[in-house]
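Worksheet: one structure, shown below.
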Amino acid sequence: MSDTSRPRKPGKPHRRPKKDPVRILAFEALRAVDERDAYANLVLPPLLRKAREKEGPDKFDGRDAALATELVYGTLRRQGTYDAVIAACVDRPLREVDPPVLDVLSLGVHQLLGTRIPTHAAVSASVELARVVLGDGRAKFVNAVLRKVAQDDLDTWIERVAPPYDEDPEDHLAVVHSHPRWVVSALWDSLGGGRAGIEQLLEADNERPEVTLVARPGRATTEELLREEAAVAGRWSPYAVRLTEGGEPGAIEAVRDGRAGVQDEGSQLVALALANAPLDGPDEKWLDGCAGPGGKAALLGALAAERGAMLLASEKQPHRAGLVAKALHGNPGPYQVIAADGTRPPWRPGSFDRVLMDVPCTGLGALRRRPEARWRRRPEDLDGFGPLQRALLRTALDAVRVGGVVGYATCSPHLAETRAVVNDLLKQHPDAELIDARPLLPGVPDLGDGPDVQLWPHLHGTDAMYLALIRRTG
Ligand SMILES: C[S@@+](CC[C@H](N)C(=O)[O-])C[C@H]1O[C@@H](n2cnc3c(N)ncnc32)[C@H](O)[C@@H]1O
Numbered sequence: 007m008s009d010t011s012r013p014r015k016p017g018k019p020h021r022r023p024k025k026d027p028v029r030i031l032a033f034e035a036l037r038a039v040d041e042r043d044a045y046a047n048l049v050l051p052p053l054l055r056k057a058r059e060k061e062g063p064d065k066f067d068g069r070d071a072a073l074a075t076e077l078v079y080g081t082l083r084r085q086g087t088y089d090a091v092i093a094a095c096v097d098r099p100l101r102e103v104d105p106p107v108l109d110v111l112s113l114g115v116h117q118l119l120g121t122r123i124p125t126h127a128a129v130s131a132s133v134e135l136a137r138v139v140l141g142d143g144r145a146k147f148v149n150a151v152l153r154k155v156a157q158d159d160l161d162t163w164i165e166r167v168a169p170p171y172d173e174d175p176e177d178h179l180a181v182v183h184s185h186p187r188w189v190v191s192a193l194w195d196s197l198g199g200g201r202a203g204i205e206q207l208l209e210a211d212n213e214r215p216e217v218t219l220v221a222r223p224g225r226a227t228t229e230e231l232l233r234e235e236a237a238v239a240g241r242w243s244p245y246a247v248r249l250t251e252g253g254e255p256g257a258i259e260a261v262r263d264g265r266a267g268v269q270d271e272g273s274q275l276v277a278l279a280l281a282n283a284p285l286d287g288p289d290e291k292w293l294d295g296c297a298g299p300g301g302k303a304a305l306l307g308a309l310a311a312e313r314g315a316m317l318l319a320s321e322k323q324p325h326r327a328g329l330v331a332k333a334l335h336g337n338p339g340p341y342q343v344i345a346a347d348g349t350r351p352p353w354r355p356g357s358f359d360r361v362l363m364d365v366p367c368t369g370l371g372a373l374r375r376r377p378e379a380r381w382r383r384r385p386e387d388l389d390g391f392g393p394l395q396r397a398l399l400r401t402a403l404d405a406v407r408v409g410g411v412v413g414y415a416t417c418s419p420h421l422a423e424t425r426a427v428v429n430d431l432l433k434q435h436p437d438a439e440l441i442d443a444r445p446l447l448p449g450v451p452d453l454g455d456g457p458d459v460q461l462w463p464h465l466h467g468t469d470a471m472y473l474a475l476i477r478r479t480g
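Here this note's numbering is used: the first residue of the sequence shown is 7, the next is one more, and so on.
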């Protein structure tokens, strides 16, 4: 029962919170990533569509969609730095702050420290968002924390919350460039060199990658794709076209028809290097043993068709095998798609001339694309991938004929997933030898000492793809 006898405290009249569809959408996306382990790139498109339908295209236009996307991606990427800043502004450990409150705070900190949104607008939009999604009480807390954050800029905050480089270089870089410490450590081990290189790499991981297209040979030409707005030729792959202002690849006719696709240049180079590796004898049967969702298979299929070779594309997950079939649909040469476990293969040993094993991995080389991945991965994940990667590489070597070539690829530069796996194979199989992959990537600089190659976002503008080419000798 309410106490009607007590006089009401005079105060501000109650005002309904202002609903800002952009911030609400960004908050919902962050919650989905947090609660359901969703992927930002998968949850965003349906949320954007829903907002457009609900608000109408006048109230939720392309600029709103771009801002919402930037807020989600930027907040996720910079979460490590923002957490350190928030931790300095609240009087309890972050794990005791409710996750939805933390999401509103992180979104606010990103607007304050990572965008050009004016301070008062960033704070008031975040407090309004808090009132809508958290209630008035917690909105006060959000207001208090963000006012503290707003007192300094990003550089000043970093100076305050990051441990000095000289005391702990990896911890310092982890906070400054927003990567988990173990990831900084692993990337640095693989990259080698001093502070400048690793800083450039970590910074590149925090940038939005350009959209790169592949004109599948024999099906589309780069000239056709270069007619798109703000399109320029790729840096390294003769089939690549970069869309420098992003855009919607799905609206491009050649992409809709499957004659072209969206594919990072690093992935194109892996397929090209394997296709061009020197080979004695027949060159008629190619295998892609981990083909889903089919990006490299589609390029390999088109290259195989030019040589009159056939491609078998195999993938363990049936639904991903379906995606491979879609990617290869319309391939000008012979191909077959099957759902099979590459560690227990249905094909006859020694029956292929070229084999690609683009194995499942931690994906630490594609952090630009998957903003949440760095926070979700754990060092223990390597224990799960290691045996599978070794088993798949062994069946790849079994699958290739004597004199044939295997391409072992990962989209991770972690040494435990790259050189360690290849070295173990070479130790156990005297009938396997490495081929120098560098000459097969003509014009690409900074490929290291070989014979394997490691690409890097900051040096090549590609994902950090790794490729070892292995010939079966006996
Ligand atoms: C890195 S992805 C391959 C990407 C692909 N080559 C492309 O360019 O689109 C690795 C794939 O291997 C599949 N996979 C995992 N375990 C497998 C196994 N035992 N046999 C075959 N494929 C497997 C995964 O489902 C995943 O689709």
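Every residue gets a Cβ at the ideal spot worked out from N, C-alpha and C, and that includes glycine.
Compare the Cα-Cα distances from residue i to each of the options and report the closest residue.
i: Glu61; options: Ile30, Ala46, Leu48 and Gln85; result: Ile30
i: Pro51; options: Ala221, Arg400, Lys65 and Glu76; result: Glu76
i: Gln117; options: Pro106, Ala131, Asp437 and Gly369; result: Ala131
i: Asp347; options: Gly307, Gly272, Gln323 and Gly224; result: Gln323
i: Pro23; options: Val138, Cys296, Val96 and Gly120; result: Val138
i: Val133; options: Leu119, Val107, Gly120 and Val49; result: Val107
i: Gly256; options: Leu53, Arg42, Glu234 and Gly80; result: Glu234
i: Arg122; options: Ala156, Asp89, Ala145 and Val110; result: Ala156
i: Pro463; options: Glu213, Pro105, Gly480 and Thr81; result: Glu213
i: Ala46; options: Ala72, Leu82, Gly68 and Ala57; result: Leu82
i: Thr218; options: Asp174, Val181 and Gly267; result: Gly267
i: Leu317; options: Val361, Trp242 and Ala74; result: Val361
i: Pro186; options: Trp381, Ile476 and Ala402; result: Trp381
Around the C-beta of residue i, are 16 or more other C-beta atoms found within 10 angstroms, so that it is buried, or is it exposed?
i: Asp6; result: A question about residue 6 goes unanswered here, because the residues of the chain that appear run from 7 up to 480.
i: Leu135; result: buried
i: Asp70; result: buried
i: Glu102; result: exposed
i: His20; result: exposed
i: Pro377; result: buried
i: Pro352; result: exposed
i: Glu312; result: exposed
i: Gln434; result: exposed
i: Lys302; result: buried
i: Val238; result: exposed
i: Arg383; result: buried
i: Pro419; result: buried
i: Ala331; result: buried
i: Ala128; result: buried
i: Lys291; result: buried
i: Ala57; result: buried
i: Asp442; result: exposed
i: Ala236; result: exposed
i: Glu41; result: exposed
i: Asp109; result: buried
i: Asp67; result: exposed
Is residue i close to chain D, meaning its C-beta is less than 7 angstroms from at least one C-beta of that chain?
i: Gly410; result: Structure shown: chain D not included; a single protein chain is present.
When the Cα atoms are used, what is the spatial distance from residue i to residue j?
i: Leu447; j: Pro169; result: 40 angstroms
i: Val428; j: Gln85; result: 34 angstroms
i: Ser273; j: Ile258; result: 21 angstroms
i: Gly114; j: Ile92; result: 10 angstroms
i: Phe358; j: Leu293; result: 7 angstroms
i: Thr10; j: Arg153; result: For Thr10, the pLDDT reaches just 42, beneath the cut-off of 50, and the residue's location in the model is therefore unreliable, leaving the point undetermined.
i: Leu111; j: Thr227; result: 47 angstroms
i: Asp158; j: Leu179; result: 20 angstroms
i: Glu176; j: Glu216; result: 28 angstroms
i: Met7; j: Phe147; result: Confidence at Met7 is low in this model, with a pLDDT of 36, below 50, so the placement of that residue should be treated as unreliable; the coordinate-derived value is given next. About 29 angstroms.
i: Asn276; j: Val343; result: Position check: residue 276 holds Val in this sequence, whereas Asn was assumed. Their backbone Cα atoms lie some 20 angstroms apart in a straight line.
i: Asp174; j: Val151; result: 28 angstroms
i: Pro299; j: Arg375; result: 16 angstroms
i: Asp270; j: Glu229; result: 18 angstroms
i: Pro63; j: Ala90; result: 38 angstroms
i: Gly409; j: Gly339; result: 24 angstroms
i: Leu53; j: Ala297; result: 29 angstroms
i: Val28; j: Ala72; result: 9 angstroms
i: Ser320; j: Gly252; result: 32 angstroms
Three or more beta-carbon pairs under 8 angstroms between the segment 386-396 and the segment 253-268, yes or no? no
Does the segment 363-383 come into contact with the segment 468-479, if we say contact requires no fewer than three beta-carbon pairs (one atom in each stretch) closer than 8 angstroms? yes
On the three-pair Cβ rule with 8 angstroms, is the segment 178-194 touching the segment 290-310? no
Entirely within the segment 184-226 and at least 4 residues each: give me those alpha helix (DSSP H) ranges in chain order. 187-197 and 201-211
Where are the alpha helix (DSSP H) runs, 4 residues long or more, that stay fully inside the segment 299-347, in chain order? 301-313 and 324-334
With contact counted as at least three CB pairs below 8 angstroms, one residue from each stretch, are the segment 194-206 and the segment 278-296 in contact? no
Can you check the segment 58-130 for any alpha helix (DSSP H) of at least 4 residues that lies completely inside it and give the ranges in chain order? 68-83, 85-95 and 105-120
At 3 residues or longer, and completely inside the segment 385-423: list those beta strand (DSSP E) runs for me, N to C. 406-416
Every unbroken beta strand (DSSP E) inside the segment 247-284 [3 residues or more]: 266-268
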